Amino acid sequence: MAAAAAAHLAVASRPSSLSRKNSDKTKNPGSSVFHSSQRILLCTPSSSVSLRSAQIAATSPIEERRVDLDEQTQELCQKGDLELAMKSISSLTHENSSSLGAETFCYLLQLCAELRSLSHGKKLHSIISSSGIAIDSEVGSQLVFMYVKCGELGEGRRAFDRLPSRDHPFPWSLLMSKYADIGEFDESISLFIKMWESGTKPNSHTFSCILKCLAAIGSIRLGMTVHGYLQKLDLFRRSVAVGNAIIAFYSKCSSMNVARKVFDEMPLKDIVTWNSMIHGYVSNGFAKAACEFFTEMWASGMEIDLATMVSVIPACSKMGFLAEGQALHGHSIKSGFVKEVSLNNTLVDMYSKCRNVDNATQVFDKMGEKNIVSWTTMTSGFTINGAYQKAIALFEEMEAEGVELDLHFITSALHCCACSGSLNQGKHIHDYVVRNGLESNVFVANSLMDMYAKCGNMVDARLVFDCTSIKDIISWNTLIGGYSKNSLPNEALALFAKMQQHYKPNTITMACTLRASASLSALDKGREIHAHVVRSGYQECSFVANALVDMYAKCGALLLARRLFERIAVKDIFSWTVMIAGYGMHGHGREALATFKEMRGKGIKPDGVSFIALLYSCSHSGLVDEGWRFFNMMRNEFKIDPAVEHYACMVDLLSRAGRLSKAFKFIESMPIKPDATVWGALLCGCRSHRNVELAEKVAERVFELEPENTGYYILLANIYAEAEKWEAVKKLRQRIGFSGLKKNPGCSWIEIKSQVHIFVAGGKKSNLQSKEIESFLDGARRRMKEEGYAPRLRYALIKAEDEVKEEALCGHSEKLAIAFGILNTSEGKPIRVAKNLRVCGDCHEVAKFISYMTGREIILRDSNRFHHFQQGRCSCRGYW
DNA sequence: CTAGGGTTAG
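Going by full-length UniProt numbering, 425 is the number at position 425 of the first sequence; the sequence numbering is gapless.
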């Protein structure tokens with residue numbers, strides 16, 4: 001204020017009688033120019049002005065002409081007519097330009113700023129410079145203002161740096177806020193520091209801006225210092241904007257409690273105050289609090305504006321409050337907000353998230369103006385509601401219309417392809433990305449990788465990864481996770497090792513990597529990662545803790561899994577499910593049931609997945625009655641509609657128990673279409689209970705559903721072979737040959753001293769120690785006979801055709817791995833072997849005997865479950 | 001008191 005007055009004084013002290021005379025008129029330049037009716041009345045119609053200007057130029061003496069020129073230009077400025085104002089001073093030449101009052105230049109520059117007229121602004125700048133008069137801080141500030149408003153921040157900064165004095169906060173705050181707008185918070189903060197050091201007192205604008213910057217760089221401590229200082233100044237009580245800025249600061253720093261306290265203490269609140277609180281609650285994940293706050297705002301009689309609506313509607317979306325959302329929609333219609341694109345976009349989002357895709361589509365179709373956000377929102381709306389084809393159609397529509405698609409839209413479309421497994425559509429979008437040079441964007445690249453990974457195409461996912469120069473931690477995690485989920489654990493672990501040269505892994509990396517170790521059954525590797533987790537302090541993260549339990553369970557260390565499980569302070573539904581599944585795969589059905597009971601005792605409501613784990617546990621422990629009980633409990637008590645996985649568990653349960661025809665009838669009575677896993681479970685049952693007739697019937701259904709899955713053909717071939725139906729085996733073999741199918745080769749592996757050793761079919765050329773292994777197994781077999789072990793060996797298979805025989809040999813890979821383990825580990829240590837297919841019957845018997853013969857515990861994980869061999873017995877008790 | 005505080009999508 002003082003500085004402004006001084007500037008005015010400086011202007012007044014110029015040899016100009018008019019500036020003093022005019023000073024009452026010039027008090028309120030700027031935005032009021034267009035609104036003051038008094039000013040407009042004072043204005044002369046433009047035609048008469050130019051007439052007068054011509055008269056003046058012709059007749060007046062110099063002094064009078066100058067006065068009139070000042071007055072007349074200022075009047076034109078007040079009217080907002082920049083063109084005429086510029087024309088009126090165009091008669092000025094180099095020699096006499098200094099005769100125009102500085103105040104007039106202020107008027108002109110301000111009008112240029114408001115009208116964003118950079119060309120006139122620049123012209124004025126050059127006139128002022130060439131006039132030879134020194135640019136005082138008032139004119140200088142207007143120059144800064146003009147340049148900044150015209151989008152020339154750099155020029156504005158240069159003008160600022162040339163100011164003779166910078167004792168007014170205006171140009172400081174102006175630059176600070178523009179730097180903040182373009183994200184250069186550090187520059188803004190450094191200006192604030194310079195300002196502070198120069199002794200210029202910041203005002204409320206400056207403080208609003210610095211709080212915004214400090215929030216953006218996450219400097220909570222400094223922000224709190226500013227808050228404390230403002231409390232001493234009592235500034236935030238006098239300025240609502242400052243109070244609002246403090247609220248925004250705390251909400252951005254996730255301290256809604258403090259924000260609430262500030263809110264309560266503010267003596268003056270406006271609509272922005274309320275809106276800031278609502279937005280703060282929503283963006284910090286307190287959607288419910290946001291809704292409640294809105295209700296309070298409504299009740300207080302405060303006006304509701306567009307920003308309120310655009311903040312509170314997403315809160316309803318997050319909560320799934322359809323009725324409330326609809327009420328807000330109604331209010332928007334009444335208040336005319338439905339004209340706004342932004343509001344319609346939130347409505348489309350709200351209806352989509354509240355699972356009302358019809359209303360979402362209706363709003364979308366009806367909205368007058370659409371922007372790229374509308375299209376993006378509708379695309380993800382279709383995706384979350386499973387209407388993948390409609391989402392893809394939107395992409396095609398946009399592409400056909402030649403609309404320029406931004407990266408948000410592209411990532412949404414890719415996400416849709418990822419969710420629906422639409423590889424071809426995804427590739428099509430990839431083409432678009434390449435054509436439009438968007439592949440260097442890290443978000444797009446990450447979405448592409450995610451899409452390829454979810455579609456099971458890790459080769460292309462890797463290609464995108466390798467071609468992207470800019471990677472972030474999400475890129476690495478996406479690819480590692482993709483490898484883990486696509487059963488490529490070795491690739492996942494290799495990439496994890498490589499990643500550590502570039503990035504510190506985060507909790508998500510750990511969870512993905514643990515999953516890879518789990519699927520490899522690589523206990524040492526898992527332990528290594530566990531150590532990493534502890535060193536990084538990630539063990540408190542529930543994601544990681546659950547992954548650790550899962551890893552130990554899948555690596556056969558069930559006791560360790562249980563111990564870690566018990567250490568999880570807050571067990572969520574995932575923790576419980578993982579533990580129940582862990583017991584299930586080890587055949588500890590009773591413990592699984594007890595854990596489930598414990599979970600319910602803690603008030604955790606089971607979901608569909610936890611029931612899959614439970615039913616699976618029952619089937620692997622032969623708990624038929626219990627299985628039924630839980631299946632009914634799930635439907636009746638928890639109102640969960642069984643999914644195909646639940647049916648598969650039940651069929652498995654019945655089939656293992658030998659109730660094959662009941663299982664068959666059960667499948668036929670299913671309300672949903674059974675898939676290959678359901679029929680496949682029955683086919684397995686047919687094998688263990690040697691029912692060839694039913695097997696043939698069931699197999700046809702399976703082949704129809706999954707004609708490319710060779711595992712089922714081999715299963716049937718084995719069923720025939722075991723029944724010595726060689727003709728049938730031959731026919732089936734021909735059928736496989738005709739379709740040109742390749743089978744999944746069986747392999748087993750064992751980890752010794754962090755090194756994974758893999759054994760494949762036949763084991764011919766596989767290992768250095770193949771001789772020792774062979775002689776060990778020969779010895780074992782000899783002793784088996786000597787000790788009268790009934791060799792339930794499938795000798796019959798020897799008569800089989802090559803294809804089947806080879807399959808029988810594949811089964812031997814686990815024997816090789818077990819033998820290798822015994823030969824290379826010290827006595828008394830358990831042997832942990834994993835296999836990619838189900839264990840073969842012969843190997844199962846041999847493993848039992850080896851555990852008895854050597855006194856070693858053998859833990860074999862096959863594709864289906866764990867087998868703990870100890871003293872000649874297996875934990876599966878035949879349920880495999 | 002020309003500048004400041006609150007606005008949807010990945």
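We treat Cβ as the ideally placed atom computed from N, Cα and C, and that holds for glycine.
As the structure is a computational prediction, the values presented were derived from the model and not from experiment.
- Message: Could you check whether Phe465 and Ala511 sit closer than 7 Å to each other, using their CB atoms as the reference points?
- Response: Here residue 511 corresponds to residue number 511 of the first sequence, with the count starting at 1. Here residue 465 corresponds to residue number 465 of the first sequence, with the count starting at 1. In this structure, Ala511 sits away from Phe465, with a CB-CB distance that is not shorter than 7 Å.
- Item | Straight-line gap, Lys370 to Cys291 (C-alpha atoms, nearest Å) | Position 370 of the first sequence, counting from 1, holds the residue named residue 370. Position 291 of the first sequence, counting from 1, holds the residue named residue 291. Distance between the alpha carbons of Lys370 and Cys291 is about 27 Å.
- Query: Would Thr377 pass as a contact of Cys419 if the rule is Cβ separation under 7 Å?
  - Reply: To locate residue 377, count along the first sequence from 1; it is residue 377. To locate residue 419, count along the first sequence from 1; it is residue 419. In terms of Cβ geometry, Thr377 and Cys419 do not form a close pair [threshold 7 Å].
- Task: With a cut-off of 8 Å on the beta carbons, I'd call Ile573 and Ala592 a contact; round off their distance for me.
- Result: Here residue 573 is taken as the residue at index 573 of the first sequence, counted from 1. Here residue 592 is taken as the residue at index 592 of the first sequence, counted from 1. Contact between Ile573 and Ala592 does not hold, since the beta-carbon distance rounds to 15 Å and is not under 8 Å.
- Taking the continuous alpha helix (DSSP H) assigned at Cys555, which residues delimit it? Residue numbering aside, residue 555 sits at position 555 when the first sequence is read from its first letter. Here Cys555 belongs to no alpha helix (DSSP H), and DSSP marks it neither H nor E.
- Task: Please report how far the alpha carbon of Ile278 lies from the alpha carbon of Tyr250, in whole angstroms.
- Result: The count along the first sequence starts at 1 and reaches residue 278 at position 278. The count along the first sequence starts at 1 and reaches residue 250 at position 250. Cα to Cα, Ile278 sits roughly 13 Å from Tyr250.
- With 16 other CB atoms within 10 Å as the buried threshold, where does Leu109 fall? Along the first sequence, one-based indexing puts residue 109 at 109. Under this definition Leu109 is a buried residue.
- In the structure shown, what three-state DSSP assignment does Ala699 receive? In the first sequence, the residue the question calls residue 699 occupies position 699. Secondary structure of Ala699 (DSSP, three-state): helix.
- Ile752 (DSSP reduced to helix, strand or coil): For the purposes of this step, residue 752 is identified with residue 752 of the first sequence, where counting begins at 1. If DSSP states are grouped into helix, strand and coil, Ile752 belongs with the strands.
- Does the distance from the C-beta atom of Ala180 to that of Cys209 stay below 7 Å? Position 180 of the first sequence holds residue 180. Position 209 of the first sequence holds residue 209. The criterion of a C-beta distance shorter than 7 Å is satisfied by Ala180 and Cys209.
- Query: From Ile89 to Arg166, what does the alpha carbon distance come to, in whole angstroms?
  - Reply: In the first sequence, residue 89 corresponds to position 89, counting from 1. In the first sequence, residue 166 corresponds to position 166, counting from 1. CA-to-CA, the gap between Ile89 and Arg166 works out to about 29 Å.
- How is Ile304 classed by DSSP in three states: helix, strand or coil? As a first step, residue 304 is located in the first sequence; it is residue number 304 there, counting from the start. Reduced to three states, the DSSP call for Ile304 is coil.
- Message: I need the boundaries of the beta strand (DSSP E) containing Phe286, first residue and last residue.
- Response: The residue given as residue 286 occupies position 286 in the first sequence. Phe286 -> no beta strand (DSSP E), and no H or E assigned at all.
- Message: For the alpha helix (DSSP H) containing Ala418, name the first residue and the last one.
- Response: On the first sequence, position 418 is the one that residue 418 refers to. DSSP places Ala418 inside the alpha helix (DSSP H), whose first and last residues are Leu407 to Ser420.
- In whole angstroms, what is the alpha-carbon distance linking Leu560 and Lys815? Here the question's residue 560 lines up with position 560 in the first sequence. Here the question's residue 815 lines up with position 815 in the first sequence. When only Cα atoms are considered, Leu560 and Lys815 end up about 26 Å apart.
- Item | Tyr538 versus Ser380: straight-line alpha-carbon distance, rounded | The sequence position of residue 538 within the first sequence is 538, counting from 1. The sequence position of residue 380 within the first sequence is 380, counting from 1. Computed Cα separation, rounded: 32 Å.
- Message: Going by DSSP in three states, Arg600 sits in which element: helix, strand or coil?
- Response: Start at 1 with the first residue of the first sequence, and residue 600 comes out as number 600. DSSP, read as helix, strand or coil, puts Arg600 in helix.
- If we count Cβ pairs, one from each stretch, closer than 8 Å, do we get three or more for the segment 350 to 364 versus the segment 330 to 337? Taking a cut-off of 8 Å on C-beta distances, the segment 350 to 364 does not touch the segment 330 to 337, as fewer than three cross pairs fall below it.
- In whole angstroms, what separates the C-alpha of Arg735 from that of Trp679? Residue numbering aside, residue 735 sits at position 735 when the first sequence is read from its first letter. Residue numbering aside, residue 679 sits at position 679 when the first sequence is read from its first letter. One C-alpha to the other measures close to 20 Å.
- Run through DSSP, which three-state label would Lys835 get? By one-based count along the first sequence, residue 835 stands at place 835. Three-state result, Lys835: strand.
- Is Ser863 helix, strand or coil by DSSP? Within the first sequence, numbered from 1, the residue matching residue 863 stands at position 863. Coil at Ser863, not helix or strand.
- Message: On the DSSP letters alone, give me the boundaries of the alpha helix (DSSP H) that Arg260 sits inside.
- Response: As a working mapping, residue 260 is identified with position 260 in the first sequence. Counting along the chain, the alpha helix (DSSP H) containing Arg260 begins and ends at Met256 to Glu265.
- Message: Pairs of beta-carbons, one from the segment 721 to 730 and one from the segment 493 to 505, closer than 8 Å: are there three or more?
- Response: Output reads no: the segment 493 to 505 does not touch the segment 721 to 730.
- Query: To which residues of the same chain is Gly30 closer than 7 Å at the C-beta, ignoring the five residues directly before and after it?
  - Reply: Counting from one through the first sequence, the residue named residue 30 turns up at place 30. Note that Gly30 has pLDDT 37, beneath the 50 cutoff, so the model's placement of it is unreliable and no number is given.
- Message: Rounded to the nearest angstrom, what separates residue 901 and Ile372 at their Cα positions?
- Response: The requested residue 901 is not part of the displayed model; the chain covers only 1 to 880.
- Query: Is the beta carbon of Ser813 less than 7 Å from the beta carbon of Ser748?
  - Reply: The count along the first sequence starts at 1 and reaches residue 813 at position 813. The count along the first sequence starts at 1 and reaches residue 748 at position 748. The criterion of a C-beta distance shorter than 7 Å is satisfied by Ser813 and Ser748.
- Item | Candidates Val729, Met297 and Glu708: closest to Val717 by CA position | The residue given as residue 717 occupies position 717 in the first sequence. The residue asked about is misnamed: residue 717 is Ala in this sequence, not Val. Nearest of Val729, Met297 and Glu708 to Ala717, Cα basis: Val729.
- Message: Give me the DSSP bridge partner(s) of Ile858.
- Response: As a first step, residue 858 must be located in the first sequence, where it is residue number 858. Beta-bridge partners assigned by DSSP to Ile858: Ile831 and Phe869.
- Query: Measuring CB to CB, does Ala613 end up less than 7 Å from Gly584?
  - Reply: As a working mapping, residue 613 is identified with position 613 in the first sequence. As a working mapping, residue 584 is identified with position 584 in the first sequence. Note that the C-beta distance between Ala613 and Gly584 is below 7 Å.
- Query: Going by other Cβ atoms of all chains shown within 10 Å of its Cβ, with 16 needed for buried, is Val434 buried or exposed?
  - Reply: Translated into the one-based positions of the first sequence, residue 434 becomes position 434. Exposed.
- Hey, out of Met599, Ala545, Trp274 and Asn441, whose CA is closest to Val310's CA? Within the first sequence, numbered from 1, the residue matching residue 310 stands at position 310. Closest in C-alpha terms to Val310, from the list Met599, Ala545, Trp274 and Asn441, comes Trp274.
- Message: Between Glu340, His331 and Lys318, which has its C-alpha nearest Tyr351's C-alpha?
- Response: One-based indexing of the first sequence puts residue 351 at position 351. Considering only Glu340, His331 and Lys318, the residue with the shortest C-alpha distance to Tyr351 is Lys318.
- Exposure label - Gly737; buried when at least 16 CB within 10 Å: Within the first sequence, numbered from 1, the residue matching residue 737 stands at position 737. Gly737 counts as exposed, since fewer than 16 other C-beta atoms from the protein chains shown sit within 10 angstroms of its C-beta.
- Message: Could you check whether Gly872 and Lys848 sit closer than 7 Å to each other, using their CB atoms as the reference points?
- Response: Taking the first sequence and counting its residues from 1, one reaches residue 848 at position 848. Taking the first sequence and counting its residues from 1, one reaches residue 872 at position 872. One thing to note: Lys848 has its Cβ within 7 Å of the Cβ of Gly872.
- Query: Taking just the CA atoms, how far does Gly320 sit from Leu347?
  - Reply: The count along the first sequence starts at 1 and reaches residue 347 at position 347. The count along the first sequence starts at 1 and reaches residue 320 at position 320. When rounded, the distance between both Cα atoms is 12 Å.
- Item | As assigned by DSSP and simplified to three states, the class of Cys747 | On the first sequence, residue 747 is found 747 positions in, with the first residue counted as 1. Of the three classes helix, strand and coil, the one that applies to Cys747 here is strand, per DSSP.
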